Amino acid sequence: MRSFFLTLSLILLFTSSASSAQITSGDISGLSLEECLILSLTNHPSLRKSKASTRDLSAQLETLRAANRVQVSLTGSANYSGTYEYWSKNSNSESLSLSATKLLYDNSRNAIQKEIKRENINASLETERGTQITVAAGAKRAYYDLVLKFLNRDVEQEKLRNYEEQLRKAKGLYEVGNSALIEVTKAQSDVSSARVSLLKAENDILVSQEALRVAMGTDISGPFNIALSTELLLPQPAENVNLLIDTALEDRPDYKKLMHDVRAGELSIKNAARANSPTINGEARTSVTATKDTSSAKNYYIGVNVNVPVSDGGATKAGIESARAKLEQVHADVETLRQQVIYKVRSAVLSLTNAVDRVRSSETGVKYAEENLTLAQGRYEVGVGTPLELSEAVSALASARYTYYQALYDAQTARADLDEALGHLPPEIEGREELWEVR
Numbered sequence: 007m008r009s010f011f012l013t014l015s016l017i018l019l020f021t022s023s024a025s026s027a028q029i030t031s032g033d034i035s036g037l038s039l040e041e042c043l044i045l046s047l048t049n050h051p052s053l054r055k056s057k058a059s060t061r062d063l064s065a066q067l068e069t070l071r072a073a074n075r076v077q078v079s080l081t082g083s084a085n086y087s088g089t090y091e092y093w094s095k096n097s098n099s100e101s102l103s104l105s106a107t108k109l110l111y112d113n114s115r116n117a118i119q120k121e122i123k124r125e126n127i128n129a130s131l132e133t134e135r136g137t138q139i140t141v142a143a144g145a146k147r148a149y150y151d152l153v154l155k156f157l158n159r160d161v162e163q164e165k166l167r168n169y170e171e172q173l174r175k176a177k178g179l180y181e182v183g184n185s186a187l188i189e190v191t192k193a194q195s196d197v198s199s200a201r202v203s204l205l206k207a208e209n210d211i212l213v214s215q216e217a218l219r220v221a222m223g224t225d226i227s228g229p230f231n232i233a234l235s236t237e238l239l240l241p242q243p244a245e246n247v248n249l250l251i252d253t254a255l256e257d258r259p260d261y262k263k264l265m266h267d268v269r270a271g272e273l274s275i276k277n278a279a280r281a282n283s284p285t286i287n288g289e290a291r292t293s294v295t296a297t298k299d300t301s302s303a304k305n306y307y308i309g310v311n312v313n314v315p316v317s318d319g320g321a322t323k324a325g326i327e328s329a330r331a332k333l334e335q336v337h338a339d340v341e342t343l344r345q346q347v348i349y350k351v352r353s354a355v356l357s358l359t360n361a362v363d364r365v366r367s368s369e370t371g372v373k374y375a376e377e378n379l380t381l382a383q384g385r386y387e388v389g390v391g392t393p394l395e396l397s398e399a400v401s402a403l404a405s406a407r408y409t410y411y412q413a414l415y416d417a418q419t420a421r422a423d424l425d426e427a428l429g430h431l432p433p434e435i436e437g438r439e440e441l442w443e444v445r
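Counting from 1, position 249 in the sequence shown corresponds to residue 255 in this note's numbering; the numbering is continuous, with no gaps.
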């Protein structure tokens, strides 16, 4: 009984010990939940993609800034002309010019475009954060799925041991004439079926290991182990759903990202309205020209160029309408996401509450199944029980433990779903960004 509850404690939950050092793909012996999360946030390719997107937008912003700075160019030329017959009389000239231009006025269009790009960058940063949350939640679910598979294998091993013990006793009773051959045959059949179930459970572990490997974004080769916590910390049912929904709408990166998109859309309308505005550019240029048989000439030019569009054929009006339509799409996305957040938070809370209730109920079921197996074994040994009764007791205990472990797993995945719905990283690594670095 004591060893059983120690085994039960392996399923949940938060690992309390972890190293602050960076985790590498080679550290695969006894991975804890925290280490799996760090590996996923360090190696997953989707995170590298989101970071690259932010860098691209930052480069675009720098391009806009460069457009508003002084542009300097140096130009040189050499010209030779004439006929082949009178080569000595051919003319030639060389010139070198240096020019500088500067945008002096564009009705703040460049400034608005830079502000739009900054909003795009902030939106991309929120997308990065959202990707981290999604990756971490997926890794946590995969981790506990592997934990569940390990525990299910333990159930199958215990069931096989019980059936093998039953077979040993059946053979002993048959040899002394206290049981029929059919009881031995039934026990042999149960052992055979249990071995097949154990093989399946072991294969399920390998499949779950591959799923965790993908969730972590690593290329670890071969089977690996996980370190199970010895402290049982069952998640508590969440309360005040409306408050959780408000928290999600404040914290979720995808919702924040849409707020930046809204601001960028509003600025785009403003920028489109100024597409037909005049522009003023200043230019300064100096040049040196040398011609054959003449002295060199030095020239300079300083001027201001004013461009006043008269008509663009309705392009500005169309641009404004396009920007307004895109903003309406973003507002629709905001409302759609708001409804999805409400659904996901409520669904996760209901699932968590239900799983916690099932854990508490199934724990009692395990206790009764253990007692029933003890009674069935005693009855069989004294000759008043039947092989079928004992076989059913063994199967019932395994089923009760399966139910208990599944409820614990469901509680953990529901907690992970709720954290993701709230826009939070798993509590094991929340606020500890120094532990990982996307390569």
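Ideal placement from N, C-alpha and C gives every residue a C-beta, glycine not left out. Just so it is clear, the structure is predicted and the values come from calculations on it, not from any experiment.
- The three-state secondary structure of R291, taken from DSSP, is strand.
- Secondary-structure assignment with DSSP links I286 through a beta bridge to Y111 and V312.
- Separation of L152 and S328 (C-alpha to C-alpha, rounded to the nearest whole angstrom) is 50 Å.
- Cβ atoms of L394 and A233 stay farther apart than 8 Å, at about 41 Å.
- Note that the region 418-438 touches the region 337-357; at least 3 beta-carbon pairs, one per stretch, sit closer than 8 Å.
- Residue environment for I127: buried (at least 16 other C-beta atoms within 10 angstroms of its C-beta).
- The beta carbon of E132 sits closer than 8 Å to those of P259, D260, K262, K263 and H266, all from its chain and outside the five residues before and after it, given in chain order.
- E40 and D257 have their alpha carbons spaced roughly 22 Å apart.
- DSSP places G82 in the strand class (E or B) of the three-state scheme.
- Under the 10 Å beta carbon count, L212 is surrounded by fewer than 16 other beta carbons and is classified as exposed.
- Contact between the region 312-319 and the region 133-147 is not established, with fewer than three Cβ pairs separated by less than 8 Å.
- When the beta-carbon positions are compared, I286 and V247 stay at least 8 Å from each other.
- Counting only the Cα atoms, A217 lies some 17 Å from N158.
- Secondary structure note for G320: it is in no alpha helix (DSSP H), with a DSSP letter that is neither H nor E.
- The alpha-carbon separation between A324 and S283 amounts to approximately 15 Å.
- By the criterion of a C-beta distance shorter than 6 Å, H50 is surrounded in its chain by V141 and G223, once the five residues flanking it on both sides are discounted.
- Contact between the region 167-183 and the region 78-88 is absent: fewer than 3 CB-CB pairs across the two stretches fall below 8 Å.
- If you compare the alpha carbons of K108, L45 and V388 with that of R291, the shortest gap goes to K108.
- The continuous alpha helix (DSSP H) containing E398 extends over residues P393 to L428.
- Contact between L333 and I122 is ruled out by a C-beta separation of about 12 Å, above the 8 Å threshold.
- Q119 and L70 do touch by the CB rule: their CB atoms are close to 5 Å apart, below 8 Å.
- By alpha-carbon distance to V365, the top candidate from E245, R135 and Y415 is Y415.
- Of all alpha-carbon atoms in S52, L403 and R269, the one lying nearest the alpha-carbon of A221 is that of S52.
- Within 10 angstroms of the beta-carbon of S130 lie 16 or more other beta-carbons, which makes it buried.
- With respect to N113, R280 sits close: the two C-beta atoms are nearer than 8 Å.
- Counting the other CB atoms within 10 Å of its CB gives L403 a total of 16 or more, which places it among the buried residues.
- The beta-carbon separation of K57 and E134, rounded to 6 Å, stays under the 8 Å limit for a contact.
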